[in-house]
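*Asks:*
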Amino acid sequence: MSAPRCYHCAEFTRATLFRRSVAEAGRGLPAIEAGMPLPAGTGLDRRAFVSRAAGLALTVYGASALRPAALDDGIARAAVSARGNRVLVSVFLPGGADALSVLAPVGDARYRRLRPNLAFKPGDGPVFREDGRLHWHPSLAPFAKLHKQGKLTVFPAIGYTHPDQSHFTSRHYWEVGALDARESVGWLGRYLDVVGDPDNAMQGLSLDGTLQPSLATGRVPVSTLASPADYGFESHHVWDVVHELMEDAIADLGALSRHPDPVLAQAAQTAAQSHSLHRQLGRLVGKDGKVNYHTKVEYPDNEFGRRLAGLAAMLDAGFPIRAVALSGPGDYDTHADQAGPLADGLKTVAETLAAFQRDLERRGLAGRVLTLVWTEFGRRAEQNASNGTDHGAAGAAFLLGTKARGRMVGEFAGLNRLDKDGNLRATVDFRAVYSSLLEQWFDVDAGRIVPDAKKMPRHSLVKA
Amino acid sequence: MPLPVFTGPFGPAQAERLLWRAGFGPRRGEELRLARKGLDGAVSWLTNPPAKDRLVGWHPVDGKGYRLSPTDKFGHDHLWWLDRMVRTSRPLVERMTLVWHDWFATSNDMVGSQRLMIRQNLLFRKIGLGSFPGLAMRVTVNPAMLVYLNGLNSPKEAPNENYGRELMELFTLGAGSGYSERDVREQARALTGWTADYKNGVGWVRFRYKQEHHDDAMKVVFGKAGPWNWKQAVRLCIQHPAHPSFFVKKLWSYFVPVPPDEATQAALEQLYRESGYQIRPVVAAILHHPLLYEGPRMAKPPVVYTAGLLRSLGDRIATEDWVWLDIMAGQLLFYPPNVSGWNDGRWLDTSTFRARWQLAGRALRKHAVHPERTKGVDVPRDPEKLVNRALEFWGSPPISDETRAALLAFAGKVMAAAVADDYRQKAFPVMALNGLRHLIAASPEMQTA
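One line per chain: the protein sequences are A and B, in this order. Sequential numbering from 153 applies to the first sequence in our numbering. Sequential numbering from 14 applies to the second sequence in our numbering.
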């Protein structure tokens with residue numbers, strides 16, 4: 153457990169720690185405080201498999217009937233029928249990223265008064281081409297370039313009516329695609345329930361080891377992918393060839409596998425199975441401990457980049473993936489001293505996603521992948537006394553891809569029209585974006601997936 | 014009916030198994046001391062502990078050396094209890110506390126208050142060897158349980174069936190054991206009347222019984238009519254003919270992995286009834302039973318494995334790592350997966366095995382010898398001696414020929430490679446010793462008892 157960073161609010165820290173640790177334990181994702189919504193997917197059945205076909209460790213959710221042998225068959229069959237299908241990647245920036253730093257209204261007179269210590273100056277970051285009042289965060293130069301190339305759609309103020317300022321509740325609304333605390337299926341999960349395959353666990357893929365609630369399904373299986381490098385058997389002060397010999401010896405601990413005592417035999421079998429799992433996964437891991445995805449594009453050296461590089465390789469290899477979700481790097485709950493951590497997080501996100509886009513282009517996959525970058529809310533327009541910002545309402549979001557329209561959707565409403573809590577007002581509803589994507593990208597009736605789709609306008613998001 | 018009693022020799026191996034089943038494994042040499050008491054003496058020592066625990070060793074701290082905040086900080090409740098398991102001088106009391114936590118499973122996931130969870134834990138520790146009806150009554154109106162199974166705010170106008178159902182299904186009678194859906198509804202009515210206030214920032218406070226919220230009209234439970242209240246709801250379950258059998262089977266299953274034969278089952282039920290539904294004599298009889306010593310082994314639950322490592326090494330809790338490591342191994346205290354507790358058939362799989370490997374590695378970290386700082390460290394070069402030295406480190410646990418062969422093969426290969434240069438000659442035997450200690454801790458013999 154990493155130490156909580158001091159600028160978090162307690163709710164966020166505890167929620168994050170708890171979600172992470174409990175999800176690792178495979179016990180589903182629990183509620184954090186009484187009255188908070190249970191994350192979608194809580195209580196889904198969970199089983200671990202190694203896909204021999206994929207050479208990957210998958211944890212499959214919601215497939216109690218699926219036998220290990222059927223896993224690879226299902227993936228293989230789906231790989232034929234799902235060839236060339238379109239993919240949506242959801243990247244969540246946890247904590248509520250500050251929209252007024254992502255696209256800083258440097259040209260708005262009120263901005264410097266509201267943000268005396270945090271405001272950017274003209275020239276700090278590139279000017280936003282579609283609204284001269286706004287300047288990109290300096291860390292987002294790669295996004296400015298992608299926008300200029302027409303590959304990045306920008307939502308400067310996205311949210312929903314009656315914004316909730318709890319991390320947990322607001323995130324939940326975005327995850328389930330509805331303002332409903334009791335909904336337990338994610339919006340991408342509902343899409344997969346409509347179009348998905350009861351045998352293909354890879355159609356919905358969570359890339360960071362825990363089930364992203366937006367992928368939680370009611371009917372079809374989905375899975376999480378653990379990095380093959382995550383299944384090591386280290387020992388303090390055991391190095392070199394001795395370490396290799398020690399790993400081999402774990403297999404020998406399986407010598408009692410046929411012992412008449414059933415529990416002793418089970419413990420021995422577990423040791424032997426763990427060793428062979430480790431060996432299978434090890435084939436994908438190089439001598440440097442890193443996974444080899446054979447990409448020609450250089451990604452920034454971080455976990456987020458490795459996961460996206462792996463995704464590009466899997467799509468290239470024809471894996472039947474339809475929806476992907478993961479959390480982006482960085483902590484965006486910037487209650488205090490926000491400038492540094494925010495700059496670091498955004499830089500990693502932008503550089504890595506730009507590399508991912510280049511990788512997809514080089515592999516010839518860019519026409520079938522869109523990436524939605526979102527956060528649970530933006531932050532208060534007025535900074536606080538700790539050089540940070542508190543929870544706000546409208547946030548910023550992006551849609552990346554060769555097929556994205558690449559224009560601004562909605563508008564920046566200006567700092568003279570804040571809501572009663574002093575927060576930026578939303579000019580686009582996230583449910584309208586989901587509905588538009590479902591219809592224009594996935595070609596399905598949004599009404600079957602987003603409960604309020606009928607009430608929502610549509611935005612033109614996908615190039616013909 | 015006489016109860017079968019283990020009559021074989023009660024040596025260190027038997028004493029060690031007893032300490033694992035009724036506690037958290039031996040401290041260094043503890044199994045030898047216990048063996049000298051003989052079976053009766055050992056069981057009596059366990060089942061008749063002093064009223065106050067004597068905690069042996071240094072108090073627990075977090076990774077920074079500060080005292081724990083068990084009622085506030087996430088995971089510190091886990092560490093707080095783990096520390097009791099490590100340092101207790103009343104292992105059975107602590108183990109029974111774990112039994113009742115699983116039996117009357119309550120999760121802080123729902124309760125949302127470490128303070129209330131720890132209060133429940135203190136109750137289990139205090140009366141966990143006494144009267145079962147007394148325990149069941151106290152649990153029924155225990156604040157954490159009232160929150161967890163909706164005993165709170167279950168007024169007569171809208172009785173909540175959650176607790177009434179689990180009281181019968183999981184706590185006293187067993188599913189399908191002589192009660193009907195009507196009994197569930199009637200029990201829910203009998204249990205009405207408890208309430209508390211929710212205070213923002215504090216949680217549930219002022220738990221109390223309000224007569225005006227209680228349904229005092231007639232109910233029919235198990236065919237018996239009366240104006241039953243919560244005490245009578247529990248008493249009716251205890252007096253139900255199916256209860257002794259359920260109680261004995263369930264309690265037995267915590268100590269012995271195969272069911273008792275019919276004669277043992279009947280004798281234990283009789284003992285339970287004749288003792289006036291006391292827990293202590295039934296536990297004592299189970300701890301005397303031949304099947305505990307001659308029957309198959311049991312997988313150590315993750316917290317038992319963890320506490321056992323630290324007891325064996327004489328170490329204290331000094332890191333929060335035990336929280337996430339035990340989570341990965343499948344057991345975060347105060348967070349059982351659901352109201353039926355942990356599934357102890359699922360302690361061992363490829364992911365929990367890796368977690369146990371890491372648990373052992375974490376326990377070993379401070380003891381590992383640096384391979385390049387071996388001045389004054391005497392490490393044998395003979396594989397046989399290396400293996401024995403590593404076993405002695407763990408108090409020489411009994412180990413099968415197969416596992417010994419695996420360890421010897423590893424030591425042999427390392428020593429065969431410990432040639433060529435000065436680094437290998439000096440460092441490899443030390444690394445072999447470090448590795449052997451880790452392999453022993455991960456061996457089937459040490460995962461089970």
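Think of the CB as a built atom: it goes at the ideal place given N, C-alpha and C, for glycine as much as any other residue.
#1: Compute the Euclidean distance between the alpha carbons of residue 149 of chain B and residue 294 of chain B, then round it to the nearest angstrom.
#2: For residue 91 of chain B, is the classification buried or exposed, using 16 other Cβ atoms within 10 angstroms of its Cβ as the cut-off for buried?
#3: For residue 427 of chain A and residue 383 of chain A, which I take to be in contact (beta-carbon distance under 8 Å), what is that distance rounded to the nearest angstrom?
#4: Within the 9 Å Cβ cut-off, does residue 113 of chain B reach chain A?
#5: Here's the rule: buried if 16 or more other CB atoms are within 10 angstroms of the residue's CB, otherwise exposed. What is residue 616 of chain A?
#6: Would you grab the beta carbon distance between residue 352 of chain B and residue 209 of chain B for me? Rounded to a whole angstrom, and I think it's under 8 Å.
#7: Can you tell me whether residue 397 of chain B is buried or exposed? The criterion is at least 16 other CB atoms within 10 Å of its CB, across all chains shown.
#8: Residues of chain B with CB under 9 Å from residue 386 of chain A, in chain order?
#9: Look up residue 560 of chain A in the DSSP assignment and say whether it is helix, strand or coil.
#10: Distance check for residue 120 of chain B and residue 180 of chain A, CA to CA, integer angstroms please.
#11: With 16 as the cutoff for other CB atoms within 10 Å, does residue 598 of chain A come out buried or exposed?
#12: Short of 7 Å in beta carbon distance, which residues of its chain neighbour residue 612 of chain A, apart from the five on each side in sequence? Order them along the chain.
#13: In three-state DSSP terms, what is residue 433 of chain B?
#14: Does the pairing of the region 255-266 of chain A with the region 287-304 of chain A give three or more beta-carbon distances under 8 Å?
#15: Which chain B residues sit within Cβ distance under 8 Å of residue 383 of chain A?
#16: Which value, in whole angstroms, describes the spacing of the CA atoms of residue 378 of chain B and residue 414 of chain A?
#17: Helix, strand or coil: how does DSSP classify residue 232 of chain B here?
#18: Quick one: which unbroken alpha helix (DSSP H) runs of 4-plus residues sit fully inside the region 73-127 of chain B? Chain order, please.
#19: I want to see whether chain A comes within less than 9 Å of residue 402 of chain B, judged by CB atoms only; does it?
#20: Look at residue 137 of chain B and residue 192 of chain B and say whether their C-beta atoms are less than 9 Å apart.
#21: For residue 449 of chain B and residue 420 of chain B, which I take to be in contact (beta-carbon distance under 8 Å), what is that distance rounded to the nearest angstrom?
#22: Can you tell me the Cα-Cα spacing of residue 238 of chain A and residue 530 of chain A, whole angstroms?
#23: Would you report the Cα separation of residue 595 of chain A and residue 453 of chain A, rounded to the nearest angstrom?
#24: Can you tell me which of A/388, A/359 and A/387 puts its alpha carbon nearest to the alpha carbon of residue 374 of chain A?
#25: Quick one: using the 10 Å Cβ neighbour count with 16 as the cut-off for buried, is residue 178 of chain A buried or exposed?
#26: Just how far apart, CA to CA, sit residue 312 of chain B and residue 471 of chain A?
#27: Pairing CB atoms from the region 545-552 of chain A with CB atoms from the region 291-307 of chain A, are three or more of them under 8 Å?
#28: Tell me, to the nearest whole angstrom, how far the beta carbon of residue 134 of chain B is from that of residue 94 of chain B; I am working on the premise that it is less than 8 Å.
#29: Residue 460 of chain B touches chain A at which residues, Cβ-Cβ below 7 Å?
#30: Look at the Cβ atom of residue 98 of chain B, then the Cβ atom of residue 369 of chain B, and state whether they are nearer than 9 Å.
#31: Just list the beta strand (DSSP E) runs in the region 290-335 of chain B, keeping only unbroken ones of 3 residues or longer that don't cross its boundaries, in chain order.
#32: In whole angstroms, what is the alpha-carbon distance linking residue 374 of chain B and residue 401 of chain A?
#33: Alpha carbon to alpha carbon, what distance is there between residue 424 of chain B and residue 397 of chain A?
#34: Around the Cβ of residue 436 of chain B, are there at least 16 other Cβ atoms within 10 angstroms (buried) or fewer (exposed)?
#35: For the region 409-437 of chain B, which residues have a beta carbon sitting closer than 8 Å to at least one beta carbon of chain A?
#36: Does the beta-carbon distance from residue 545 of chain A to residue 562 of chain A come in below 9 Å?
*Replies:* Taking the geometry as given:
#1: Residue numbering aside, residue 149 of chain B sits at position 136 when the second sequence is read from its first letter. Residue numbering aside, residue 294 of chain B sits at position 281 when the second sequence is read from its first letter. Going from the Cα of residue 149 of chain B to the Cα of residue 294 of chain B covers about 17 Å.
#2: On the second sequence, residue 91 of chain B is found 78 positions in, with the first residue counted as 1. Burial call: buried.
#3: Counted from its first residue, the first sequence places residue 427 of chain A at position 275. Counted from its first residue, the first sequence places residue 383 of chain A at position 231. With a Cβ gap of about 11 Å, residue 427 of chain A and residue 383 of chain A do not count as contacting.
#4: For the purposes of this step, residue 113 of chain B is taken as the residue at position 100 of the second sequence. For residue 113 of chain B, the answer is no, since every Cβ of chain A falls outside 9 Å of its Cβ.
#5: Working through the first sequence from its first residue, we reach residue 616 of chain A at position 464. Per the 10 Å Cβ criterion, exposed.
#6: Locating residue 352 of chain B in the second sequence gives position 339, counting from the first residue. Locating residue 209 of chain B in the second sequence gives position 196, counting from the first residue. About 20 Å separates the two Cβ atoms, so there is no contact after all.
#7: As a first step, residue 397 of chain B must be located in the second sequence, where it is residue number 384. So residue 397 of chain B counts as exposed.
#8: The sequence position of residue 386 of chain A within the first sequence is 234, counting from 1. Residues of chain B passing the Cβ test: 370, 371 and 374.
#9: Position 408 of the first sequence holds residue 560 of chain A. In this structure, residue 560 of chain A counts as strand in the three-state DSSP scheme.
#10: Stepping through the first sequence from its first residue, residue 180 of chain A is reached at position 28. Stepping through the second sequence from its first residue, residue 120 of chain B is reached at position 107. With a pLDDT of 33 at residue 180 of chain A, under the threshold of 50, the modelled position of this residue cannot be trusted, and the question is left open.
#11: By one-based count along the first sequence, residue 598 of chain A stands at place 446. Under this definition residue 598 of chain A is a buried residue.
#12: Here residue 612 of chain A refers to the residue found at position 460 of the first sequence. Excluding residues within five positions, the ones whose Cβ falls inside 7 Å are 557.
#13: One-based indexing of the second sequence puts residue 433 of chain B at position 420. Three-state result, residue 433 of chain B: coil.
#14: yes
#15: What you label residue 383 of chain A is simply residue 231 of the first sequence in a count that begins at 1. Here the neighbours are 367.
#16: Indexing the second sequence from 1 puts residue 378 of chain B at position 365. Indexing the first sequence from 1 puts residue 414 of chain A at position 262. Cα-Cα distance, rounded: 31 Å.
#17: The residue labelled residue 232 of chain B in the question sits at position 219 within the second sequence. Residue state, collapsed to three classes: strand.
#18: 89-100, 104-116 and 121-124
#19: What you label residue 402 of chain B is simply residue 389 of the second sequence in a count that begins at 1. No, residue 402 of chain B lies away from the interface with chain A (no Cβ there is under 9 Å from its Cβ).
#20: For the purposes of this step, residue 137 of chain B is taken as the residue at position 124 of the second sequence. For the purposes of this step, residue 192 of chain B is taken as the residue at position 179 of the second sequence. The answer is no: Cβ separation not under 9 Å.
#21: In the second sequence, residue 449 of chain B corresponds to position 436, counting from 1. In the second sequence, residue 420 of chain B corresponds to position 407, counting from 1. That pair is a contact at about 6 Å.
#22: Residue 238 of chain A sits at position 86 when you count from the first residue of the first sequence. Residue 530 of chain A sits at position 378 when you count from the first residue of the first sequence. Using only the alpha carbons, I get a separation of about 29 Å.
#23: Taking the first residue of the first sequence as position 1, residue 595 of chain A is located at position 443. Taking the first residue of the first sequence as position 1, residue 453 of chain A is located at position 301. About 36 Å.
#24: Taking the first sequence and counting its residues from 1, the one referred to as residue 374 of chain A is at position 222. Of the candidates A/388, A/359 and A/387, the one whose C-alpha sits nearest the C-alpha of residue 374 of chain A is A/359.
#25: Taking the first sequence and counting its residues from 1, one reaches residue 178 of chain A at position 26. Reliability fails at residue 178 of chain A, whose pLDDT of 33 lies under 50, so the model's placement of it is uncertain and the value that follows must be treated cautiously. The residue in question, residue 178 of chain A, is buried, as its Cβ has 16 or more Cβ neighbours within 10 Å.
#26: Position 299 of the second sequence, counting from 1, holds the residue named residue 312 of chain B. Position 319 of the first sequence, counting from 1, holds the residue named residue 471 of chain A. So the alpha carbons of these two residues sit roughly 39 Å apart.
#27: yes
#28: Position 121 of the second sequence, counting from 1, holds the residue named residue 134 of chain B. Position 81 of the second sequence, counting from 1, holds the residue named residue 94 of chain B. With a Cβ gap of about 7 Å, residue 134 of chain B and residue 94 of chain B count as contacting.
#29: One-based indexing of the second sequence puts residue 460 of chain B at position 447. Here the neighbours are 419.
#30: Looking up residue 98 of chain B in the second sequence gives position 85. Looking up residue 369 of chain B in the second sequence gives position 356. Taking 9 Å as the Cβ cut-off, residue 98 of chain B and residue 369 of chain B do not qualify as a contacting pair.
#31: none
#32: On the second sequence, position 361 is the one that residue 374 of chain B refers to. On the first sequence, position 249 is the one that residue 401 of chain A refers to. Taking the straight line from one Cα to the other gives about 16 Å.
#33: The sequence position of residue 397 of chain A within the first sequence is 245, counting from 1. The sequence position of residue 424 of chain B within the second sequence is 411, counting from 1. If I take the Cα positions, the gap works out to 9 Å.
#34: Residue mapping note: residue 436 of chain B aligns to position 423 of the second sequence, counting from 1. Per the 10 Å Cβ criterion, exposed.
#35: 413, 415, 416, 418, 419, 420, 422, 423, 426, 427 and 430
#36: If you number the first sequence from 1, residue 545 of chain A lands on position 393. If you number the first sequence from 1, residue 562 of chain A lands on position 410. No, Cβ-Cβ distance for residue 545 of chain A and residue 562 of chain A is not below 9 Å.
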